[in-house]
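Enquirer: First the structure, then my questions, so here it is.
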Amino acid sequence: MSAPPRPDLLSLTPEDLRASLSDHFEGRGQPTYRVGQVEKWVYQSLARSVADMSDLPGVERSALAEAFDMATLDATTVQRSTDGTVKHLWRLADGELVESVLIPTPRRLTLCISSQVGCAMGCTFCATGWGGFDRQLTAGEIVGQYRASRQWAEDNGYGPITNIVYMGMGEPLSNRKAVHPSLTILNQGYGVGARRITVSTVGVVPGILELAARPEQFRLALSLHAPSTELRAELIPLEKRHPLPEVLGALEKFDDGGGKRITFEYTMIDGINDDVDLIEPLAELALRVRAFVNLIPFNPIPYQDWKASRPDRIRAFAEILERRGVSVAVRGTRGRDIDAACGQLRGHTLVQIEKARKD
Ligand code: SF4
Numbered sequence: 050m051s052a053p054p055r056p057d058l059l060s061l062t063p064e065d066l067r068a069s070l071s072d073h074f075e076g077r078g079q080p081t082y083r084v085g086q087v088e089k090w091v092y093q094s095l096a097r098s099v100a101d102m103s104d105l106p107g108v109e110r111s112a113l114a115e116a117f118d119m120a121t122l123d124a125t126t127v128q129r130s131t132d133g134t135v136k137h138l139w140r141l142a143d144g145e146l147v148e149s150v151l152i153p154t155p156r157r158l159t160l161c162i163s164s165q166v167g168c169a170m171g172c173t174f175c176a177t178g179w180g181g182f183d184r185q186l187t188a189g190e191i192v193g194q195y196r197a198s199r200q201w202a203e204d205n206g207y208g209p210i211t212n213i214v215y216m217g218m219g220e221p222l223s224n225r226k227a228v229h230p231s232l233t234i235l236n237q238g239y240g241v242g243a244r245r246i247t248v249s250t251v252g253v254v255p256g257i258l259e260l261a262a263r264p265e266q267f268r269l270a271l272s273l274h275a276p277s278t279e280l281r282a283e284l285i286p287l288e289k290r291h292p293l294p295e296v297l298g299a300l301e302k303f304d305d306g307g308g309k310r311i312t313f314e315y316t317m318i319d320g321i322n323d324d325v326d327l328i329e330p331l332a333e334l335a336l337r338v339r340a341f342v343n344l345i346p347f348n349p350i351p352y353q354d355w356k357a358s359r360p361d362r363i364r365a366f367a368e369i370l371e372r373r374g375v376s377v378a379v380r381g382t383r384g385r386d387i388d389a390a391c392g393q394l395r396g397h398t399l400v401q402i403e404k405a406r407k408d
């Protein structure tokens, strides 16, 4: 019989980590301050392995490494855009690949992280959706992207990460078993404020309700992309399972919590979802849940010949929404020169690996 998997130091919530370490060191007759030493290595010093924990006696490091796993990520590719955006492709312990992106702006450094390897949702405008689903990430692998990116940002003069968005590969609310603890770990362990963490969903209603029930003020972004069920179903297959009226009902519950902010993400695709007739229904939805609207020019992907909406059309959307009292921003497309649309870098790398295998 194979041994049960060891608990991963990076996947445990701070409370569980403390309890597990207390049991471990108590069982070994060690002083209680050993717990604090390990916590410091995990949350502050960003140790990559138990072997790094140099203030523990060697015998205690060996015992700790035997009792606990510590799943860290290795960067296989780092792409740096001319606009400062940095995309990492991380290799996980089993060889799977996930992406994260650092997006610097004058006042912020935002990290976009992945929650799954691939994605089962099949959204037609998304490179990850075209690649299909491989597996869920663990909480430690989600948090690991933050740890490794923070270290990279420090080493390369990018400064501290101020915001985290769960907008990389995968649908976070389809991996709630890992995403919930990862939120707790980032917030309580690494000290990232809840209001600086945004979870993005295409509309997984049970997940929105669970997030609404949490006491922390994590933010929620709905990938809306169309204000009617008919059009949305052409872009997001999940719309057939959780239609917009049901999603809006869940968002109202999220908003009921008070002070929890909702954002609508609206990717503007030329001739697909940028008809001016769509502005009024979009305004109505946004006003109903007091959502901030981000208009994002479509970032072309290899599997579709769609183009971004024309700038004048995007401006018209923004101006009319504003006149209707909706808070709106037009987001620049970042990192166009580095496969920055989610899933593209992994997609290209997998094609190269496959090609190398065949050659
Ligand atoms: S947009 Fe998000 S949910 Fe849809 S396929 Fe891409 S990663 Fe998955």
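Adding 49 to a residue's 1-based position in the sequence shown gives its number in this note's numbering.
Note that beta-carbon positions come from the ideal geometry of N, C-alpha and C, so glycine has one too.
Since the model is a prediction, treat every value here as computed from it, not as a measurement.
Taking the alpha-carbon positions, what's the ARG359 to MET317 distance?
Expert: 9 angstroms
Enquirer: Specify the secondary structure class of THR187 as computed by DSSP and reduced to three states.
Expert: coil
Enquirer: Does TYR409 come out as helix, strand or coil in the three-state DSSP assignment?
Expert: Limits of the chain in this structure are 50 at one end and 408 at the other, which puts residue 409 out of reach.
Enquirer: What are the uninterrupted segments assigned as beta strand (DSSP E) that are 3 or more residues long and contained completely in the stretch 133 to 174, given in chain order?
Expert: 135 to 140, 146 to 153, 158 to 161, 165 to 167
Enquirer: Which value, in whole angstroms, describes the spacing of the CA atoms of LEU141 and ILE369?
Expert: 45 angstroms
Enquirer: Please state if the CB of ILE234 and the CB of THR62 are separated by a distance shorter than 7 angstroms.
Expert: yes
Enquirer: Run the CB neighbour count on GLU220, radius 10 Å, all protein chains shown included, and call it buried at 16 or more, exposed below.
Expert: buried
Enquirer: If you check the beta carbons only, do ILE311 and VAL338 fall under 7 angstroms apart?
Expert: yes
Enquirer: When DSSP builds the beta bridges, which residues end up paired with ARG268?
Expert: THR247
Enquirer: Taking only runs that begin and end inside the stretch 295 to 376, name each unbroken alpha helix (DSSP H) of 4 or more residues, in chain order.
Expert: 328 to 337, 360 to 372
Enquirer: Measuring from the CB of GLY178, is there a heavy atom of the ligand SF4 at a distance below 6 angstroms?
Expert: yes
Enquirer: Which residue or residues does DSSP assign as beta-bridge partners of ALA409?
Expert: As shown, the chain starts at 50 and ends at 408. That puts residue 409 outside it, with no answer to give.
Enquirer: Run through DSSP, which three-state label would ASP204 get?
Expert: helix
Enquirer: Counting pairs of Cβ atoms below 8 angstroms between the stretch 201 to 214 and the stretch 246 to 263, do you hit three or more?
Expert: yes
Enquirer: Which word fits LEU66, buried or exposed, when buried means at least 16 other C-beta atoms lie within 10 angstroms of its C-beta?
Expert: buried
Enquirer: Identify every residue that forms a DSSP beta bridge with ARG55.
Expert: Answer by DSSP bridge pairing: none, since ARG55 is not bridged.
Enquirer: Which whole-angstrom value describes the C-beta separation of ASP183 and GLU145, a residue pair presumed to lie in contact below a C-beta threshold of 8 angstroms?
Expert: 6 angstroms
Enquirer: Taking 7 angstroms as the limit between beta carbons, can you name the residues of its chain near SER163, skipping five residues before and five after?
Expert: Shown here for SER163: same chain residues with a beta carbon closer than 7 angstroms to its own, the five before and five after excluded, namely VAL147, GLU148, SER149, LEU186, GLN194, GLY217, MET218, GLY219 in chain order.
Enquirer: In the DSSP assignment, what residue or residues form a beta bridge with PHE182?
Expert: GLY167
Enquirer: Expressed to the nearest angstrom, what Euclidean distance is found between the alpha-carbon atoms of PRO24 and SER103?
Expert: Because residue 24 is not part of the residues shown, which for the chain are 50 to 408, the question remains open.
Enquirer: Per DSSP, what are the beta-bridge partners of VAL214 in this structure?
Expert: CYS161, THR247
Enquirer: With burial defined as no fewer than 16 other Cβ atoms inside 10 Å of the residue's Cβ, what is the status of ASP315: buried or exposed?
Expert: The question names Asp, but residue 315 in the sequence shown is Tyr. That one is buried.
Enquirer: Does the Cβ of LEU178 have 16 or more other Cβ atoms within 10 Å, making it buried, or fewer, making it exposed?
Expert: In the sequence under discussion, the amino acid at residue 178 is Gly, which differs from the Leu named in the question. Classified as buried, GLY178 has 16 or more neighbouring CB atoms from the shown chains inside 10 Å of its CB.
Enquirer: According to DSSP, which residues form a beta bridge with ARG129?
Expert: DSSP lists VAL135 as partners of ARG129.
Enquirer: Quick one: what's ASP104 bridged to in DSSP?
Expert: Answer is none; ASP104 lacks a bridge partner.
Enquirer: Pick helix, strand or coil for ALA124, following the three-state DSSP scheme.
Expert: strand
Enquirer: On the criterion of 16 or more Cβ atoms from any shown chain inside 10 Å, does ASP354 qualify as buried, or is it exposed?
Expert: Taking every protein chain shown into account, the CB of ASP354 has fewer than 16 other CB atoms within 10 angstroms, so this residue is exposed.
Enquirer: What is the residue span of the alpha helix (DSSP H) that LEU66 lies within?
Expert: 63 to 76
Enquirer: Between which two residues does the alpha helix (DSSP H) harbouring THR233 extend?
Expert: 225 to 233
Enquirer: First and last residue of the alpha helix (DSSP H) that includes VAL253?
Expert: Note, VAL253: premise wrong, no alpha helix (DSSP H); not H, not E.
Enquirer: Pull up the distance between the alpha-carbon of VAL84 and that of PHE74, whole angstroms please.
Expert: 7 angstroms
Enquirer: Closest to PRO351 by C-alpha separation, out of PHE174, ARG373, GLU115, would be which residue?
Expert: PHE174
Enquirer: How many Å lie between ASP326 and ASP319 at the Cα?
Expert: 14 angstroms
Enquirer: Going by the CB atoms, is the gap between SER94 and MET119 shorter than 7 angstroms?
Expert: no
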